[in-house]
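Reading through the structure tokens given below for one structure.
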Amino acid sequence: MTYNLWGDWHLEQREPAIRDLFTTRPPDLLATQELRPRSRAVVDEAMPGHERVHDDFAGWGAQSNLWWRRELFDLVEHGTRDVGILDDGARLFWVRLRPRAGGARTLVFSTAHLTWPGHAREREDGRNLRTGQAEQVAAALDEIAGDEACLFTVDVNDIGQPLWVLGNSGFLDSFTALGRTSPVTHPVSPLPFVTGRGTRLSPLGSPSKAIDWIFSRGPIVTRASEVVDFFSSGNAPSDHHPVAATFTLPSDQGERP
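Numbers given in our numbering equal positions in the sequence shown, counted from 1, plus 969.
As structure tokens, this is what we get:
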């Protein structure tokens, strides 16, 4: 699962719904964006059977983190890579995991949150920042994962060129892999604690779009994919929908996946 947790916005109202989501359907692997220390603690509490990265780099607590089910995976190593994302602590975050059963090969699991189109630099010159960031992500994962199975999860904040870059770099999203088109992932509606319409940059409401993705590359096969529609006591956990997918890894003995 990949999930943008919407930072600190209305977090007090959303916290019970975040807890209920991960208590109800904890994924084996979870990637987050717009994480904050408080929401990280909620996820930890809701998924006691999972482990995540513990690292002194601030981005693991204020941007993204990666969780894995402890009984299924062991951590081999983890790291970050600066791919030009313009936010404090924003990086490409990744882990290399070894499955505990079935003789499956290691897996690189990663996430990033590409720069928001409303960033001051982009508003100043009108140049798309995310295309270059996607190119840097693809190059970094070439180096980190090589021919390994690789999952890259992302809030791409775009519907055009960065997606084409990833596709032309050998990544396939979990819906295209199944011959499907992704449903809308942002914005969630209704959000009962949000009033008015538009954003601070425009009176126009945010258009419905798919900007949250799970991409795969290498020896891994997509089996199912879903945009999750979840509410708890009338509240959504975030203004994004989570995206969940199921994959099969081949065994180390060379069997077909």
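Note that CB positions come from ideal geometry on N, CA and C, so glycine has one too. Just so it is clear, the structure is predicted and the values come from calculations on it, not from any experiment.
Checking the sheet assignment: what are the DSSP bridge partners for residue i?
{"i": "Val1123", "result": "Ala1081, Trp1182"}
{"i": "Pro1068", "result": "Phe1042"}
{"i": "Arg1021", "result": "Trp1036"}
{"i": "Val1012", "result": "For Val1012, which the question treats as bridged, DSSP gives no partner whatsoever."}
{"i": "Asn1204", "result": "Ser1201"}
{"i": "Arg1050", "result": "Leu1061"}
{"i": "Thr1191", "result": "Phe1216"}
{"i": "Ser1171", "result": "Thr1168"}
If you check the beta carbons only, do residue i and residue j fall under 7 Å apart?
{"i": "Met970", "j": "Pro1211", "result": "yes"}
{"i": "Phe1162", "j": "His1047", "result": "no"}
{"i": "Leu1173", "j": "Gly1167", "result": "yes"}
{"i": "Arg988", "j": "Val1011", "result": "yes"}
{"i": "Thr1001", "j": "Leu974", "result": "yes"}
{"i": "Val1123", "j": "Ala1081", "result": "yes"}
{"i": "Val1064", "j": "Ile1113", "result": "no"}
{"i": "His1209", "j": "Thr1154", "result": "yes"}
{"i": "Gly1187", "j": "Glu1117", "result": "yes"}
{"i": "Phe1062", "j": "Thr1075", "result": "no"}
{"i": "Ala1146", "j": "Thr1191", "result": "yes"}
{"i": "Gly1028", "j": "Glu1003", "result": "no"}
{"i": "Ser1151", "j": "Phe1144", "result": "yes"}
{"i": "Leu1135", "j": "Phe1184", "result": "yes"}
For the beta strand (DSSP E) containing residue i, name the first residue and the last one.
{"i": "Leu998", "result": "998-1002"}
{"i": "Phe1199", "result": "No beta strand (DSSP E) holds Phe1199; DSSP gives it neither H nor E."}
{"i": "Phe1216", "result": "1212-1217"}
{"i": "Asp973", "result": "A small correction: the amino acid at residue 973 is Asn; Asp does not occupy that position in the sequence shown. Unbroken beta strand (DSSP E) run through Asn973: 971-973."}
How far does the alpha helix (DSSP H) with residue i in it reach, from first residue to last?
{"i": "Thr1075", "result": "Segment: none, Thr1075 is in no alpha helix (DSSP H) and carries neither H nor E."}
{"i": "Asp1094", "result": "1089-1094"}
{"i": "Pro985", "result": "980-993"}
{"i": "Ala1031", "result": "1028-1031"}
For my contact list, residue i and residue j are in at a C-beta cut-off of 8 Å; report their separation, rounded to the angstrom.
{"i": "Ala1073", "j": "Ser1220", "result": "6 Å"}
{"i": "Gly1101", "j": "Gly1053", "result": "6 Å"}
{"i": "Asn1034", "j": "Arg1007", "result": "The pair is not a contact, with the Cβ atoms about 13 Å apart (cut-off 8 Å)."}
{"i": "Ala986", "j": "Asn1204", "result": "5 Å"}
{"i": "Trp1131", "j": "Ala1103", "result": "For the record, residue 1131 in the displayed sequence is Pro; it is not Trp. With 8 Å as the limit, Pro1131 and Ala1103 qualify as a contact, their Cβ atoms being about 4 Å apart."}
{"i": "Ser1175", "j": "Tyr972", "result": "Not quite, the Cβ-Cβ distance comes to about 18 Å (not below 8 Å), so this is no contact."}
{"i": "Arg1005", "j": "Ala1031", "result": "6 Å"}
{"i": "Thr1217", "j": "Ala1193", "result": "About 10 Å separates the two Cβ atoms, so there is no contact after all."}
{"i": "Val1125", "j": "Ile1180", "result": "5 Å"}
Given the structure, does residue i come close to the ligand MG, in the sense that its CB is under 6 Å from one of the ligand's heavy atoms?
{"i": "Trp1063", "result": "Only the bare structure without any ligand can be found here, which leaves the ligand MG out of the picture."}
Query raised in the report: Can you list the alpha helix (DSSP H) stretches of 4 or more residues lying completely in the region 1115-1169, in chain order?
Result: Segments of the alpha helix (DSSP H) lying fully in the region 1115-1169: 1130-1137.
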